[in-house]
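S.K.:
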Amino acid sequence: MTSPRIEVDLGKIRHNAETVVRRLKNRGINMTGVTKAVCGDPAIAQAMLDGGSIGLAEARLSNVRRLRNANITCSITLIRTPMLSQVDEVVQLCEASYNTEIGVIAGLAAAAIRKNTVHDIILMAEMGDLREGILPGDLGAIAQQVVNMPGVALKGIGANFACLSGIAPTPAKMAALSDLSTEIEGLCGPFIETVSGGNSANLPWALGKQPIGRVNDLRLGEAILLGMDPVTGEQIGGMYADAFTLIAEVIETDAEPAPLPIALVGRDLAKFRLVSNGEGGRRLILAIGYQDTDIQGLTMPSGTTLIGATSDHLVISTSQSSSRVGIEMRFRMNYKALMRAMSAPDVETELLDDRHPKPSPSRNTGKHLALI
Ligand SMILES: *Cc1c(COP(=O)(O)O)cnc(C)c1O
């Protein structure tokens with residue numbers, strides 16, 4: 009087994025998707041699985057779909073291409089405003105895209121006409137996060153232009169919260185989004201089919217007691233993959249927070265107290281938090297670093313403390329005397345660490361699949377079968 013690697017428990021991802029889909033269904037909301045944090049990994053996408061996701065959403069075309077190459081045929085929506093230079097491929101690979109620029113929509117329309125198809129447009133409304141979006145006051149006029157444009161169809165509107173500015177989706181903001189969809193229908197006629205309320209940060213609102221209005225879709229990544237509420241950082245009840253595990257190998261152990269590097273100068277010194285090894289702590293070096301993940305986003309195994317990291321080395325202190333060169337250590341990752349590790353060229357992905365066990369059973373298969 010190579011390391012570093014990410015162990016992915018597909019059964020846990022499927023369970024998380026099933027759990028959220030069931031709860032949202034009671035509120036009349038569909039779930040669209042977001043695969044950008046796992047770079048469009050087709051097996052993970054399939055676990056989301058098996059769990060009841062109605063389609064997939066991606067931020068990058070390269071990831072969509074990966075999904076299509078693996079014969080994922082469901083509807084895929086591009087949730088980052090398309091690049092003008094990519095409109096032809098967007099129309100070819102995605103049924104729909106989120107848009108904020110009329111020039112890009114015109115480009116998509118022209119590309120769709122060239123391909124003799126119609127591309128669905130979801131207009132992104134700016135509701136306070138100050139990342140992407142059309143100001144609510146301008147939305148009606150742009151919607152009207154989309155409706156009059158051959159090659160594209162106005163499918164819906166959407167909003168995003170708690171990404172750039174950390175603005176939480178309050179009941180008032182969500183009601184305003186619902187009102188916008190009704191307003192646009194009054195202005196330009198077509199039925200607004202999709203009102204996509206936001207991302208994992210919307211779950212507390214969606215599963216709460218407030219009326220959900222016309223919101224009928226949420227785009228979920230973090231909640232499904234990590235079972236976490238991104239606003240509070242807390243585990244969501246009934247969900248697995250350990251579907252992903254990062255595994256790295258120990259390449260050096262040092263029983264002696266760590267000597268203070270002689271030539272440490274100011275800038276480098278800041279990177280080190282030298283721990284007292286007086287309490288029997290041993291210093292370990294693992295073959296993983298900032299090139300592989302966001303080290304600050306790792307949860308250290310119990311009995312260990314992070315000392316520091318460089319591009320290729322992770323230095324920790326452990327109280328476990330059994331640590332030796334060649335052993336593997338396991339880390340939980342937050343969203344940022346997961347995203348970085350999934351896209352790092354030297355980090356392999358090992359899929360644990362309870363539905364399609366490998367012919368030669370791996371040492372972990374049985375354990376995970378029992379959990380689902
Ligand atoms: C990343 C993203 C999502 C998914 O966010 P999570 O926090 O992972 O649920 C949804 N919508 C948009 C527009 C995004 O960029």
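For the sequence shown, my numbering assigns the number 9 to the initial residue and increments by one for each residue that follows.
Beta carbons: idealized from backbone N, C-alpha and C, even for Gly.
Between Val42 and Gly229, which are expected to be in contact by the criterion C-beta below 8 Å, what is the C-beta distance as a whole number of angstroms?
M.R.: Residue 42 sits at position 34 when you count from the first residue of the sequence shown. Residue 229 sits at position 221 when you count from the first residue of the sequence shown. Rounded, the Cβ-Cβ distance is 3 Å, consistent with contact.
S.K.: Excluding the five sequence neighbours on either side, which residues of its own chain have a C-beta within less than 8 Å of the C-beta of Val72, listed in chain order?
M.R.: Working through the sequence shown from its first residue, we reach residue 72 at position 64. Excluding positions up to five away in sequence, the list reads Gly48, Glu66, Ile84, Leu86, Leu101 and Cys102.
S.K.: Which residues bound the beta strand (DSSP E) around Arg13?
M.R.: Sequence index remark: in the sequence shown, residue 13 carries index 5 (1-based). Element bounds for Arg13: Arg13 to Asp17.
S.K.: Return the chain-ordered ranges of every beta strand (DSSP E) run that is complete within the stretch 215-264 and spans a minimum of 3 residues.
M.R.: Whole beta strand (DSSP E) segments, 3+ residues: 225-228 and 252-262.
S.K.: Nearest-angstrom Cα distance between Leu32 and Arg227?
M.R.: If you number the sequence shown from 1, residue 32 lands on position 24. If you number the sequence shown from 1, residue 227 lands on position 219. In a straight line, the C-alpha of Leu32 is about 12 Å away from that of Arg227.
S.K.: Are at least three pairs of beta-carbons, each pair with one atom in the stretch 312-323 and one in the stretch 230-241, less than 8 Å apart?
M.R.: Result no; under three Cβ-Cβ pairs closer than 8 Å.
S.K.: If you check the beta carbons only, do Ala117 and Pro158 fall under 8 Å apart?
M.R.: Numbered from 1 along the sequence shown, position 109 holds the residue referred to as residue 117. Numbered from 1 along the sequence shown, position 150 holds the residue referred to as residue 158. Yes.
S.K.: In whole angstroms, what separates the C-alpha of Asn285 from that of Val258?
M.R.: As a first step, residue 285 must be located in the sequence shown, where it is residue number 277. As a first step, residue 258 must be located in the sequence shown, where it is residue number 250. At Asn285 the pLDDT is 44, less than 50, meaning the model places this residue with poor confidence; the figure from the coordinates comes in the next sentence. Distance between the alpha carbons of Asn285 and Val258 is about 18 Å.
S.K.: Roughly how many angstroms separate the alpha carbons of Lys20 and Asp250, rounded to a whole number?
M.R.: Here residue 20 refers to the residue found at position 12 of the sequence shown. Here residue 250 refers to the residue found at position 242 of the sequence shown. Roughly 8 Å between the two C-alpha positions.
S.K.: Is Lys163 helix, strand or coil when you go by DSSP?
M.R.: Taking the sequence shown and counting its residues from 1, the one referred to as residue 163 is at position 155. Looking at Lys163 - three-state DSSP - the assignment turns out to be strand.
S.K.: Following the continuous alpha helix (DSSP H) through Ala117, name the residue where it begins and the one where it ends.
M.R.: Mapped onto the sequence shown, residue 117 falls at position 109. From DSSP, the alpha helix (DSSP H) with Ala117 extends over Ile110 to Arg122.
S.K.: Please classify Pro177: is it buried, with 16 or more other beta-carbons within 10 angstroms of its beta-carbon, or exposed?
M.R.: Indexing the sequence shown from 1 puts residue 177 at position 169. Buried: at least 16 other Cβ atoms inside 10 Å.
S.K.: Do the CB positions of Glu109 and Leu69 come within less than 8 Å of each other?
M.R.: Numbered from 1 along the sequence shown, position 101 holds the residue referred to as residue 109. Numbered from 1 along the sequence shown, position 61 holds the residue referred to as residue 69. Taking 8 Å as the Cβ cut-off, Glu109 and Leu69 do not qualify as a contacting pair.
S.K.: Check whether the Cβ of Ala176 sits closer than 7 Å to any heavy atom of ligand 1, and report yes or no.
M.R.: Numbered from 1 along the sequence shown, position 168 holds the residue referred to as residue 176. Ala176: no, Cβ never under 7 Å from ligand 1.
S.K.: Thinking Val99 and Ile129 are a contact (beta carbons under 8 Å), I'd like their distance in whole angstroms, please.
M.R.: Along the sequence shown, read from residue 1 onward, the residue named residue 99 stands at position 91. Along the sequence shown, read from residue 1 onward, the residue named residue 129 stands at position 121. With a Cβ gap of about 11 Å, Val99 and Ile129 do not count as contacting.
S.K.: Mapping the DSSP letters down to three states, classify Ala345 as helix, strand or coil.
M.R.: For the purposes of this step, residue 345 is taken as residue 337 along the sequence shown, with counting starting at 1. It is helical.
S.K.: Using the C-alpha atoms, what's the distance from Pro353 back to Ala317?
M.R.: The count along the sequence shown starts at 1 and reaches residue 317 at position 309. The count along the sequence shown starts at 1 and reaches residue 353 at position 345. Taking the straight line joining both Cα atoms gives about 18 Å.
S.K.: Measure the alpha-carbon distance for Lys123 versus Ala114 and round it to whole angstroms.
M.R.: In the sequence shown, residue 123 corresponds to position 115, counting from 1. In the sequence shown, residue 114 corresponds to position 106, counting from 1. C-alpha separation (whole angstroms): 14 Å.
S.K.: Which residue spans inside the stretch 124-151 form an unbroken beta strand (DSSP E) run of at least 3?
M.R.: Listed in chain order, they are 127-133.
S.K.: Please classify Ala378: is it buried, with 16 or more other beta-carbons within 10 angstroms of its beta-carbon, or exposed?
M.R.: In the sequence shown, counting from the first residue as 1, residue 378 sits at position 370. Reliability of the predicted coordinates at Ala378 is poor, the pLDDT of 28 falling under 50, and no value is obtained from them.
S.K.: Please determine, among Leu211, Met350 and Leu360, the residue with the shortest C-alpha to C-alpha distance to Pro12.
M.R.: Here the question's residue 12 lines up with position 4 in the sequence shown. The residue with the shortest Cα to Cα distance from Pro12 is Met350.
S.K.: Could you have a look at Gly316 and say whether DSSP puts it in helix, strand or coil?
M.R.: Here residue 316 corresponds to residue number 308 of the sequence shown, with the count starting at 1. Three-state result, Gly316: strand.
S.K.: Looking at the secondary structure, which residues open and close the beta strand (DSSP E) in which Thr40 lies?
M.R.: By one-based count along the sequence shown, residue 40 stands at place 32. Note, Thr40: beta strand (DSSP E), Asn38 to Val42.
S.K.: Looking at ligand 1, does it come within less than 7 Å of Ala67, judged from the CB to the closest heavy atom?
M.R.: Numbered from its first residue, the sequence shown carries residue 67 at position 59. At least one heavy atom of ligand 1 is nearer than 7 Å to the Cβ of Ala67, so yes.
S.K.: Report yes if the C-beta of Glu238 is less than 7 Å from at least one heavy atom of ligand 1; otherwise report no.
M.R.: If you number the sequence shown from 1, residue 238 lands on position 230. Residue identity differs from the one stated: residue 238 is Pro in this sequence, not Glu. Checking every heavy atom of ligand 1 against the Cβ of Pro238, one is found closer than 7 Å.
S.K.: So, helix, strand or coil for Thr81, using DSSP?
M.R.: Residue mapping note: residue 81 aligns to position 73 of the sequence shown, counting from 1. Coil.
S.K.: Please report how far the alpha carbon of Gly60 lies from the alpha carbon of Ile315, in whole angstroms.
M.R.: Locating residue 60 in the sequence shown gives position 52, counting from the first residue. Locating residue 315 in the sequence shown gives position 307, counting from the first residue. If I take the Cα positions, the gap works out to 42 Å.
S.K.: Given this structure, state the Cα-to-Cα distance separating Tyr248 from His23, to the nearest angstrom.
M.R.: Here the question's residue 248 lines up with position 240 in the sequence shown. Here the question's residue 23 lines up with position 15 in the sequence shown. About 8 Å.
S.K.: Could you tell me whether the Cβ atoms of Gly166 and Met132 are closer together than 8 Å?
M.R.: Counting from one through the sequence shown, the residue named residue 166 turns up at place 158. Counting from one through the sequence shown, the residue named residue 132 turns up at place 124. Closer than 8 Å, so yes.
S.K.: So is Ala149 buried or exposed if we call it buried at 16+ other beta carbons inside 10 Å?
M.R.: In the sequence shown, the residue the question calls residue 149 occupies position 141. So Ala149 ends up on the exposed side.
S.K.: Among the candidates Asp146, Glu140 and Asn77, whose CA atom is the shortest distance from the CA of Arg88?
M.R.: Within the sequence shown, residue 88 is the residue found at index 80, counting from 1. Among Asp146, Glu140 and Asn77, the Cα nearest to that of Arg88 belongs to Glu140.
S.K.: Of the residues Gln54, Met91 and Ser93, which one's Cα is nearest the Cα of Ala1?
M.R.: Any question about residue 1 goes unanswered here, given that the chain covers just 9 to 380.
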